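K.L.:
This structure is in structure tokens; I'll ask about it shortly.
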Amino acid sequence: MVSKKEPGFATKAIHAGFSHDKATGAVMPPIYMASTYAQLSPGHPISKYEYSRTANPTRDVLEANLATLENGRFGLCFASGCAALNTLLQALPSGSHVIISDDVYGGTLRLLSQIFTPMGLHYTQCDMTDINNIEQAINENTQLIWLETPSNPLLKIIDITAVAQLKQQKCPNAWLAVDNTFATPYLQTPLDLGADIVCHSTTKYIGGHSDVIGGALIVNNETLAQKLYFLQNATGSIPSPMDCYLLLRSIKTLHVRMNAHCHNAKTIAKALSSHPKVSRVIYPGLSTHPEHYLATKQMRDFGGMISITLTDGPKAVIPFLKKLKIFTLAESLGGVESLIEHPAVMTHAAIPAEHRKKIGIEDSLIRISVGIEAVDDLLEDLNQAL
Ligand SMILES: Cc1ncc(COP(=O)(O)O)c(C=O)c1O
Numbered sequence: 021m022v023s024k025k026e027p028g029f030a031t032k033a034i035h036a037g038f039s040h041d042k043a044t045g046a047v048m049p050p051i052y053m054a055s056t057y058a059q060l061s062p063g064h065p066i067s068k069y070e071y072s073r074t075a076n077p078t079r080d081v082l083e084a085n086l087a088t089l090e091n092g093r094f095g096l097c098f099a100s101g102c103a104a105l106n107t108l109l110q111a112l113p114s115g116s117h118v119i120i121s122d123d124v125y126g127g128t129l130r131l132l133s134q135i136f137t138p139m140g141l142h143y144t145q146c147d148m149t150d151i152n153n154i155e156q157a158i159n160e161n162t163q164l165i166w167l168e169t170p171s172n173p174l175l176k177i178i179d180i181t182a183v184a185q186l187k188q189q190k191c192p193n194a195w196l197a198v199d200n201t202f203a204t205p206y207l208q209t210p211l212d213l214g215a216d217i218v219c220h221s222t223t224k225y226i227g228g229h230s231d232v233i234g235g236a237l238i239v240n241n242e243t244l245a246q247k248l249y250f251l252q253n254a255t256g257s258i259p260s261p262m263d264c265y266l267l268l269r270s271i272k273t274l275h276v277r278m279n280a281h282c283h284n285a286k287t288i289a290k291a292l293s294s295h296p297k298v299s300r301v302i303y304p305g306l307s308t309h310p311e312h313y314l315a316t317k318q319m320r321d322f323g324g325m326i327s328i329t330l331t332d333g334p335k336a337v338i339p340f341l342k343k344l345k346i347f348t349l350a351e352s353l354g355g356v357e358s359l360i361e362h363p364a365v366m367t368h369a370a371i372p373a374e375h376r377k378k379i380g381i382e383d384s385l386i387r388i389s390v391g392i393e394a395v396d397d398l399l400e401d402l403n404q405a406l
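Mind the numbering: the sequence shown is residues 21 to 406 in the working numbering, read in order.
Below is the structure:
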């Protein structure tokens, strides 16, 4: 009897997009470094491939794999997460209005405010944990609602289903895009909840080893997909075949790594919550998190990111960071190794100081990307530094 059951996430992560190489039987996708492909006669290429900016066989496997993991029909990969967002913004009609969250990733804000606003795009920032704020921000030109959940670095959880319903009622022609970088498709699949577009910085958990920069968009709508494919080819911010291979290799263990990230982060968040030197722990898995209940409904688990503030305030931040031995002080996140950073000075320095203060990115806020090392070693390192 043939089973109609949908394969599990792990099976899709390992197999989707590729079974074996037709020419050699190789069980892993070859890295096709060719920039161009032979033609039988002018305009008649041997296969569907003509030029690797337009399409590349290794990239095709990655795009198909990511589309399957996000339960989407079309996947497109880019040279970085910012390149993915840039391409999406280029697909908007001129004069469009975009709604983003108040603590959106600094690079996303920079792209909107410094590159697209001078070209006539308008945007409104709001706290998206209150759906009324999004409703108030919608106007007749709203073409895109862009949300991150969990957000970076305040780990706010936004109700994707509720925003999708609001968009359907108030601006059905706009797109709802979810930056799923922090959660990954293992923990949440926004297209299933009504989003039109999923965006990734594949640099983070999807890459998982801090050795590749990449981005992706996944969509269901064919017209939108064609527009994005056109822009991907026309503007050319594509990933290299080698980077596609690295991402494909990483994705095979995404579920294993995410389970370990979630376990370690939960253990550390609980321990830090009762530490006298820590004044605040932000982690969606803690019952003290304002959107904890929504996170339990929307996510399979709570992820590997934690933000904290120290009891002794901003002056204690640098000494604490300097004393750490296992946690590396570095931007980025989602690698197997634990990273720690100071958003006000590092990842979110592009956001003006008054705005950072207004939305709660305090100067004493520290963001931790919990890796998958032995959790006892991580706890010991944090304790000695505190
Ligand atoms: C949530 C989020 N989205 C997008 C990006 C941009 O991705 P990239 O650095 O790959 O361009 C980042 C980078 O830190 C991020 O944290």
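Cβ coordinates follow ideal geometry from the N, Cα and C atoms, glycine included. Treat the numbers as computed from the prediction; the structure is a model and nothing was measured.
Quick check: does the Cβ of ILE233 come within less than 7 angstroms of any heavy atom belonging to ligand 3?
P.N.:
By its list of ligands, the structure shown excludes ligand 3, since it contains just ligand 1.
K.L.:
Going by DSSP, what residue range makes up the alpha helix (DSSP H) through GLU168?
P.N.:
Per DSSP, GLU168 belongs to no alpha helix (DSSP H); it is in the beta strand (DSSP E), 162-168.
K.L.:
Less than 8 angstroms separating the beta-carbons of ILE178 and THR144?
P.N.:
No, these two residues do not count as a Cβ contact at 8 angstroms.
K.L.:
Count the CB pairs spanning the segment 324-342 and the segment 384-398 that are closer than 8 angstroms, and state whether there are at least three.
P.N.:
yes
K.L.:
Which ranges would you report for the beta strand (DSSP E) in the segment 108-151 if only whole runs of at least 3 residues count?
P.N.:
Positions of the beta strand (DSSP E) runs, each at least 3 residues long and wholly inside the segment 108-151, are given as 117-121 and 142-146 in order along the chain.
K.L.:
In the DSSP output, which residue or residues are listed as bridge partners for GLN59?
P.N.:
PRO65
K.L.:
Mark VAL47 as exposed unless 16 or more other C-beta atoms lie within 10 angstroms of its C-beta, in which case mark it buried.
P.N.:
exposed
K.L.:
Do PHE340 and ligand 1 come close, with the Cβ less than 7 angstroms from some heavy atom?
P.N.:
no
K.L.:
Does the separation of the CB atoms of LEU186 and ILE154 fall below 8 angstroms?
P.N.:
yes
K.L.:
Can we count SER100 as close to ligand 1, meaning its CB is less than 7 angstroms from some heavy atom?
P.N.:
yes
K.L.:
Going by DSSP, name the residue or residues bridged to ARG300.
P.N.:
THR329
K.L.:
For a minimum of 4 consecutive residues, which ranges assigned as the alpha helix (DSSP H) are wholly contained in the segment 368-394?
P.N.:
373-379
K.L.:
Relative to ligand 1, is the shortest distance from any of its heavy atoms to the C-beta of GLU168 smaller than 7 angstroms?
P.N.:
Yes.
K.L.:
Can you look up THR348 in the DSSP assignment and give me helix, strand or coil?
P.N.:
strand
K.L.:
How long is the line joining the alpha carbons of ALA157 and ASP199, rounded to whole angstroms?
P.N.:
19 angstroms
K.L.:
In this structure, how does DSSP classify ALA30 when only helix, strand and coil are distinguished?
P.N.:
ALA30: helix per DSSP, three-state reduction.
K.L.:
Could you tell me whether any non-hydrogen atom of ligand 1 is closer than 7 angstroms to the CB of ALA225?
P.N.:
A small correction: the amino acid at residue 225 is Tyr; Ala does not occupy that position in the sequence shown. Outside the cutoff, so no.
K.L.:
So, with DSSP's three-state summary, where would you put VAL81?
P.N.:
helix
K.L.:
Measuring only from the beta carbon, is PHE202 closer than 7 angstroms to any heavy atom that is part of ligand 1?
P.N.:
yes
K.L.:
Using a Cβ-Cβ cut-off of 8 angstroms (strictly less than) and excluding sequence neighbours within five positions of VAL390, which residues of its own chain qualify?
P.N.:
HIS281, ASN284, ALA285, ILE288, GLY324, MET325, ILE326, SER358 and LEU398
K.L.:
Any idea what DSSP makes of ASP231, helix, strand or coil?
P.N.:
coil
K.L.:
Are three or more beta carbon pairs between the segment 234-242 and the segment 97-113 nearer than 8 angstroms?
P.N.:
Result yes; three or more Cβ-Cβ pairs closer than 8 angstroms.
K.L.:
Within this structure, are the beta carbons of ALA104 and PHE94 separated by less than 8 angstroms?
P.N.:
ALA104 places its beta carbon 8 angstroms or farther from that of PHE94.
K.L.:
For the pair the segment 52-60 and the segment 201-214, tell me if three or more CB-CB distances fall below 8 angstroms.
P.N.:
Segments in contact, no.
K.L.:
Under 7 angstroms: does the beta carbon of TYR265 sit that close to some heavy atom of ligand 1?
P.N.:
Within the chosen limit of 7 angstroms, ligand 1 does not reach the beta carbon of TYR265 with any heavy atom.
K.L.:
What is the rounded straight-line gap between the Cα of ALA370 and the Cα of MET148?
P.N.:
21 angstroms
K.L.:
State the DSSP-derived secondary structure class of PHE98, mapped to helix, strand or coil.
P.N.:
strand
K.L.:
Using 8 angstroms for Cβ pairs, my map puts HIS309 next to ILE302. What's the rounded Cβ distance?
P.N.:
7 angstroms
K.L.:
Run the proximity test for SER352: is its beta-carbon closer than 7 angstroms to any non-hydrogen atom belonging to ligand 1?
P.N.:
yes
K.L.:
Does DSSP put VAL276 in a helix, in a strand, or in coil?
P.N.:
helix
K.L.:
For LEU174 versus GLY380, is the C-beta spacing smaller than 8 angstroms?
P.N.:
A contact, by the Cβ cut-off of 8 angstroms.
K.L.:
Using the three-state DSSP reduction, which class does ALA157 fall into: helix, strand or coil?
P.N.:
helix
K.L.:
Assuming PRO49 and THR78 make a contact with CB atoms under 8 angstroms, what is their CB distance in whole Å?
P.N.:
Indeed, because the Cβ distance is near 6 angstroms, the residues count as touching under 8 angstroms.
K.L.:
Within 7 angstroms: the Cβ of THR128 and any heavy atom of ligand 1?
P.N.:
yes
K.L.:
By a C-beta neighbour count over all protein chains shown, 10 Å radius and 16 as the cutoff for buried, is ARG11 buried or exposed?
P.N.:
Lying before the first or after the last residue shown, residue 11 is absent from the chain, which here runs from 21 to 406.
K.L.:
Can ASP123 be considered in contact with ligand 1, in the sense that its beta carbon sits closer than 7 angstroms to one or more heavy atoms?
P.N.:
no
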